[in-house]
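Read the structure below first, then the notes.
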Amino acid sequence: MKVLEETLDARIPDGPIDQKWTRRQGELKLVSPNNKRKYSVIVVGTGLAGGSAAATLAELGYNVRAFCYQDSPRRAHSIAAQGGINACKNYQNDGDSIQRFFIDTIKGGDFRSREANVYRLTELSTNIIDQCVAQGVPFAREYGGTLDNRSFGGAQVSRTFYARGQTGQQLLLGCYQAMMRQVNAGKIKMYPRTEMLELVIANGRAIGIITRDMVTGKIEKHCADAVVLATGGYGNVFYLSTNAKGCNVTAAFRAYQQGAYFANPCYTQIHPTCIPPHGEHQSKLTLMSESLRNDGRVWVPIKVGDKRHPDQIPENERDYYLERLYPSYGNLAPRDISSRAAKKVCDEGRGVGPSGVGVYLDFRDSIKRLGQKTIAAKYGNLFDMYQRITDEDPYKVPMRIYPASHYTMGGLWVDYNLMSNIPGLFVIGEANFSDHGANRLGASALLQGLVDGYFVLPYTIGDYFARFKKLDASVDHPEFDQAEARAKDRVRTLLSIDGKRTPDSFHRELGKIVWDKCGMARNADGLREAIARIPEIRQEFWENVKVTGSGEELNIALEQAGRVADFIELGELMCRDALAREESCGGHFREEHQTDEGEALRDDEHFCHVSNWKSNGPDAEPDLVIEPLVFENVELVTRSYK
Amino acid sequence: MNLTLHIWRQKGPSDPGRMVTYQAKDVSPDQSFLEMLDRLNEDLILRGEDPVVFDHDCREGICGSCGMVINGVAHGPEQTTTCQLHMRSFKDGESIYIEPWRADPFPVIRDLMVDRSAFDRVISAGGYVSINTGSAPEANSIPVRKEDADLAFDSATCIGCGACVAACKNASAMLFTSAKVAQLSRLPQGQVERKRRVLNMVEQMDKEGFGNCSNYQECEAVCPKGISTQNITVMNREYLRASLSGA
């Protein structure tokens, strides 16, 4: 691994932190209204980030082409977010403020996020609630008609706005509707069932993409003045995750192969409250909202191997370990802390359920205190979902939960303006790296997607257009031919191998390695083993994968194979990043670096930075480019939730 | 358990299509219906055959992608999405018939996958509030009664899966359309466009070829989110009101 001397300019505005965004807004150059229609923007992905960006850019007058692999933008995986969206409105009068939200987020991210970006996120959070309410998003209300709030992991105030357990759905439908309004106005052209296969760069600037129409198989070229990636995270690398089946890393990874820097790939968030896996043919894991931890108490039996029914285990033989270990946050400890604690008690042999990987999330006490009706009103749909999947009634028996891969904090590197190191390539939402550090606080992902799309990118993209000379490129540019050839060649190769293993079998094998060696806990030996093993899987994949059918038709095996190929390379990159980061922070727990009490041990002297990887092709080691993180407003302290 | 599957296979919109029989062996009752099909697909790929194409994504019952007619019922025997249907709902040795949504406005793309873009066009005709980003008033400046917010939410939970259309004799999209009309007409934010919205959305719905409601309520019976046909009553009232006042 070579560390390059290069310095990355994050373009953070000068001045006090609470004035940086205002200052930047003043500096940003504008495109006049009658010139905006001369510019075109490609937005890949139509979740909360892509959908809000596409709608807003179109409102402003730009010509937008939006792409998604689903049959409709309304189905992007943002729709599955359950719990809520954070905003420091201080409606509860419980002492919330921008400053407090900012500190919670920096601390929650274990001091590995960029201060200026985080401050902007918290500052704009209040506008987001106004925007969504104005769209008709039916947030939960108090009887007096004002908005209700709940609390979430990592915070001691109630700043989470919610719409029952379906907040993501309601927010996504809000921005989907805003998009559809612009489709109707002719300002957005929508390309559903289309996936991006290549990024096209000419003269150092992103000028377009190559796509595959997933119904006809047609490979197409699209040229634009800027490309926005809003393609979400890469958590599906683990095979079993809470991500939708189609979530993939292809678009971001092709950008990486074309020179975009991939930042902190080893930061994956393991969510503490998922339904435990049940068998080897399982296709995905289901998340139970973290908001359940407001009223549910987490426990395991004190005795190792205690297989009694939970009803038979008396109070004094239960270990409410989160309340015991982290008394001031208790069941609301942040996600990485809660996940690791669950793994620890299961590793000790105190896990519950048939597989022994699970802990109880028990509502007995809150049902006794508040009544079943109140609990049902708060979480009813989650309880129903749990019962449907497990065939157990969580009103009567405690839920069983276990951590699972959920959200990825790593992603493509972006500057303060959300532009990658390739001019004209913007990256927003989960696909970028900047706001969550090494761990994401609950209910902040929805916020980041929407803030990026509604309130940041629409300003900063105009500055790019105004500063750079307008592109005179078209799809006739030779770079388009080369990119198209790469995409077609890949499809042809995948179809020609005709081996003996399905794409899914490779994905499961990869996922198991990455979960075991680069999951909730990592160590140098395991990571080295994975870095040796994954290229072997890659080689076997390209020799032995079986893809039926042809490229000129709807071909699900081909889609899967292409995505698995990228996950294999990404998995290796994650392990390299985890090995290089000789410290523990947030979701990245290196077993060699822990306190005597088993807590994560950061090394601020050597690792208070963003690790950016620069590709040298699939067969060569990538280079490292470091962006130091500077903390001027928050003191670097050891996180404590005790 | 072991099952006999009769699955609709259709190469493309112009292909006539036919039922093909497959055997599914060692199916675990804890598997979801789609996981059972995943396994069948892996076997098919290894045999060099094309896997069965079906829509799916979140597999948590919320994205609305999945949907097939199972033994004649949209989404199958339980009132849930196909991805949340588990094999424990079936018996060992059973024969299962699996078909795509059948409705003219939902042409078959391939096998069990259909084109539901007509729904997007219905929303595009007016299923929104025309507010531009950045011009929103302070959220608490417009109070909404909790009862209204809850009712609006009940309507807003529609996932757009299309089961209502598939279950309806007339392939009516009134449950889907009315859910959006009812949601927005119950909120203060939706008032300005209230009349125009319902007229435009109904017009688009007709243009797409969806039929009329004949009050069989099959749509409500199969809706995985329990969207009530009372929404249709609301929409009819909204439509009448808008037509009479000459919006």
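In order, the protein sequence lines correspond to chains A and B.
Every position in the first sequence, counted from 1, becomes a number in this note's numbering once 733 is added.
Every position in the second sequence, counted from 1, becomes a number in this note's numbering once 339 is added.
Backbone N, C-alpha and C define an ideal beta-carbon position, used for all residues, glycine too.
Taking the alpha-carbon of residue i as reference, which of the options has the nearest alpha-carbon?
i                       : options                           : result
residue 1061 of chain A : A/1373, A/738, A/739 and A/740    : A/1373
residue 902 of chain A  : B/500, B/529, B/495 and B/516     : B/495
residue 814 of chain A  : A/864, A/1237 and A/1019          : A/1019
residue 580 of chain B  : B/438, B/533 and B/381            : B/533
residue 927 of chain A  : A/857, A/954 and A/1047           : A/954
residue 1058 of chain A : A/1077, A/1048, A/1044 and A/1046 : A/1077
residue 1036 of chain A : A/917, A/1099 and A/1082          : A/1082
residue 896 of chain A  : A/1100, A/767 and A/1113          : A/1113
residue 438 of chain B  : B/542, B/447, B/531 and B/545     : B/447
residue 1333 of chain A : A/1164, A/1101, A/797 and A/1074  : A/1074
residue 593 of chain B  : B/465, B/502 and B/453            : The first residue shown for chain B is 340 and the last is 586, placing residue 593 of chain B beyond what the model contains.
residue 1274 of chain A : A/1289, A/1294 and A/939          : A/1294
residue 1272 of chain A : A/1286, A/1255, A/1259 and A/1232 : A/1232
residue 948 of chain A  : A/1168, A/1369 and A/1291         : A/1291
residue 893 of chain A  : A/910, A/829, A/913 and A/921     : A/829
residue 367 of chain B  : A/1041, A/1230 and A/1015         : A/1015
Any idea what DSSP makes of residue i, helix, strand or coil?
i                       : result
residue 1053 of chain A : coil
residue 550 of chain B  : strand
residue 889 of chain A  : coil
residue 363 of chain B  : strand
residue 1146 of chain A : coil
residue 1369 of chain A : coil
residue 858 of chain A  : helix
residue 941 of chain A  : strand
residue 781 of chain A  : helix
residue 436 of chain B  : strand
residue 1273 of chain A : helix
residue 1070 of chain A : helix
residue 431 of chain B  : coil
residue 1210 of chain A : coil
residue 340 of chain B  : coil
residue 1100 of chain A : helix
residue 1323 of chain A : strand
residue 1132 of chain A : strand
residue 1400 of chain A : A query on residue 1400 of chain A cannot be resolved here, the shown segment of chain A reaching from 734 to 1375 and no further.
residue 1231 of chain A : coil
residue 516 of chain B  : helix
residue 982 of chain A  : coil
residue 1193 of chain A : helix
residue 1314 of chain A : coil
Chain E partners of residue i, CB-CB under 8 Å?
i                      : result
residue 390 of chain B : Reference to chain E is not applicable here, since the protein chains of this structure are A and B.
Hey, would you say the C-beta of residue i is under 7 Å away from at least one heavy atom of the ligand HEM?
i                       : result
residue 1060 of chain A : By its list of ligands, the structure shown contains no ligand whatsoever, and the ligand HEM lies outside what it can speak to.
Fill in: Residues of the region 865 to 882 of chain A with Cβ closer than 9 Å to any Cβ of chain B, in chain order
Taking 9 Å as the Cβ-Cβ cut-off against chain B, the residues of the region 865 to 882 of chain A that qualify are 865, 866, 867, 868, 869, 870, 871, 872, 873, 874, 875, 876, 877, 878, 879, 880 and 881.
Discussion item. Beta carbons nearer than 7 Å to chain B: which residues of the region 1270 to 1298 of chain A have them?
Written reply: Per Cβ criterion, the list reads 1279, 1281, 1282, 1287, 1289 and 1290.
Practice prompt. Could you run through the region 486 to 508 of chain B and flag, in chain order, every residue whose CB is less than 7 Å away from some CB of chain A?
Written response: Answer set for the region 486 to 508 of chain B: 488, 491, 492, 495, 496 and 499.
Item to complete: Give, in chain order, every residue of the region 915 to 933 of chain A whose Cβ lies closer than 8 Å to some Cβ of chain B.
Response: Of all residues in the region 915 to 933 of chain A, those with a C-beta nearer than 8 Å to a C-beta of chain B are 916, 917, 923 and 925, reading in chain order.
Practice prompt. With 8 Å as the C-beta to C-beta threshold (strictly closer), list the residues of the region 1009 to 1025 of chain A near chain B in chain order.
Written response: Taking 8 Å as the Cβ-Cβ cut-off against chain B, the residues of the region 1009 to 1025 of chain A that qualify are 1011, 1012, 1014, 1015, 1016, 1017, 1019 and 1020.
Fill in: Contained beta strand (DSSP E) runs [length at least 3] in the region 1014 to 1060 of chain A, N- to C-terminal order
Those beta strand (DSSP E) runs which fall completely within the region 1014 to 1060 of chain A and span 3+ residues are 1030 to 1034.
Worksheet item: Any contact of the region 1155 to 1170 of chain A with the region 987 to 996 of chain A, i.e. 3+ C-beta pairs under 8 Å?
Response: The region 1155 to 1170 of chain A, when compared against the region 987 to 996 of chain A, does touch it at the 8 Å Cβ threshold.
Worksheet item: Got a sec: which bits of the region 507 to 532 of chain B sit with their beta carbon under 8 Å from any beta carbon on chain A, in order along the chain?
Response: Under the 8 Å Cβ criterion, the region 507 to 532 of chain B contributes 522, 523, 526, 528 and 529.
Discussion item. Is it the case that the region 964 to 978 of chain A contacts the region 1269 to 1289 of chain A, given that we only count it when at least three CB pairs across the two stretches are under 8 Å?
Written reply: Judged by Cβ distances under 8 Å, the region 1269 to 1289 of chain A makes no contact with the region 964 to 978 of chain A, as fewer than three pairs qualify.
Worksheet item: When you check each C-beta in the region 1181 to 1192 of chain A against every C-beta of chain B, which residues fall closer than 8 Å?
Response: Within the region 1181 to 1192 of chain A, 1187, 1188 and 1191 place their CB atoms closer than 8 Å to a CB of chain B, listed in sequence order.
Worksheet entry | Every unbroken alpha helix (DSSP H) within the region 535 to 579 of chain B, with a cutoff of 4 residues, ordered by chain | If we require 4 residues or more, the alpha helix (DSSP H) runs fully inside the region 535 to 579 of chain B come out as 557 to 561.
Practice prompt. Mind checking the region 806 to 840 of chain A against chain B and listing, in chain order, the residues whose C-beta falls within less than 7 Å of any C-beta there?
Written response: Those residues of the region 806 to 840 of chain A placed with their C-beta closer than 7 Å to a C-beta in chain B are 807, 808, 810, 812, 813 and 824, ordered along the chain.
Discussion item. Would you call the region 1230 to 1247 of chain A in contact with the region 1293 to 1311 of chain A, where contact means no fewer than 3 C-beta pairs closer than 8 Å?
Written reply: The region 1230 to 1247 of chain A makes contact with the region 1293 to 1311 of chain A: 3 or more CB pairs, one atom from each, lie closer than 8 Å.
Worksheet entry | chain A contacts from the region 533 to 555 of chain B (Cβ-Cβ distance under 7 Å) | Going along the region 533 to 555 of chain B in chain order, one finds no residue with a Cβ nearer than 7 Å to chain A.
Worksheet entry | Interface positions of the region 956 to 987 of chain A facing chain B (Cβ-Cβ less than 9 Å), listed along the chain | Of all residues in the region 956 to 987 of chain A, only 975, 976, 977, 978, 979 and 980 place a beta-carbon less than 9 Å from a beta-carbon of chain B.
Worksheet entry | Meets three-Cβ-pair contact criterion under 8 Å: the region 471 to 489 of chain B and the region 417 to 424 of chain B | Fewer than three beta-carbon pairs drawn from the region 471 to 489 of chain B and the region 417 to 424 of chain B are found closer than 8 Å, and the two stretches are therefore not classed as touching.
Worksheet item: Can we say the region 359 to 373 of chain B touches the region 870 to 882 of chain A, given the rule of at least three CB pairs closer than 8 Å?
Response: In short, these stretches do not touch, since the Cβ pair count stays below three.
Discussion item. Going residue by residue through the region 755 to 813 of chain A, where are the continuous beta strand (DSSP E) segments of at least 3 residues, counting only ones entirely within it?
Written reply: Under the rule that a run must span 3 or more residues, the beta strand (DSSP E) segments found entirely inside the region 755 to 813 of chain A read 773 to 777 and 796 to 800.
Worksheet item: Between the region 1220 to 1239 of chain A and the region 1193 to 1207 of chain A, are three or more C-beta pairs nearer than 8 Å?
Response: They do not touch, by the three-pair rule.
Worksheet item: Is the region 1166 to 1183 of chain A close to the region 1313 to 1333 of chain A, with three or more CB pairs under 8 Å?
Response: Touching, yes, given that three or more Cβ pairs across the two stretches are closer than 8 Å.
Worksheet item: Does the region 935 to 950 of chain A come close enough to the region 811 to 827 of chain A to have 3 or more Cβ pairs within less than 8 Å?
Response: Fewer than three pairs of CB atoms, one per stretch, sit closer than 8 Å, so the region 935 to 950 of chain A makes no contact with the region 811 to 827 of chain A.
Item to complete: Taking a Cβ distance cut-off of 7 Å, strictly less, list which residues of the region 778 to 803 of chain A are near chain B, in chain order.
Response: Considering only beta carbons, the part of the region 778 to 803 of chain A lying closer than 7 Å to chain B consists of 789, 792 and 803, in chain order.
Practice prompt. Scan the region 408 to 436 of chain B for residues whose Cβ lies nearer than 8 Å to a Cβ of chain A and list them as they occur along the chain.
Written response: Against chain A - using a Cβ distance shorter than 8 Å - the residues of the region 408 to 436 of chain B are 417, 419, 423, 425 and 427.
Worksheet item: For the 8 Å Cβ check, are there 3 or more pairs between the region 1113 to 1130 of chain A and the region 1140 to 1151 of chain A?
Response: No, they do not touch.
Practice prompt. Evaluate contact between the region 393 to 407 of chain B and the region 540 to 552 of chain B, counting only Cβ atoms and requiring at least three cross-stretch pairs below 8 Å.
Written response: Judged by Cβ distances under 8 Å, the region 393 to 407 of chain B makes no contact with the region 540 to 552 of chain B, as fewer than three pairs qualify.
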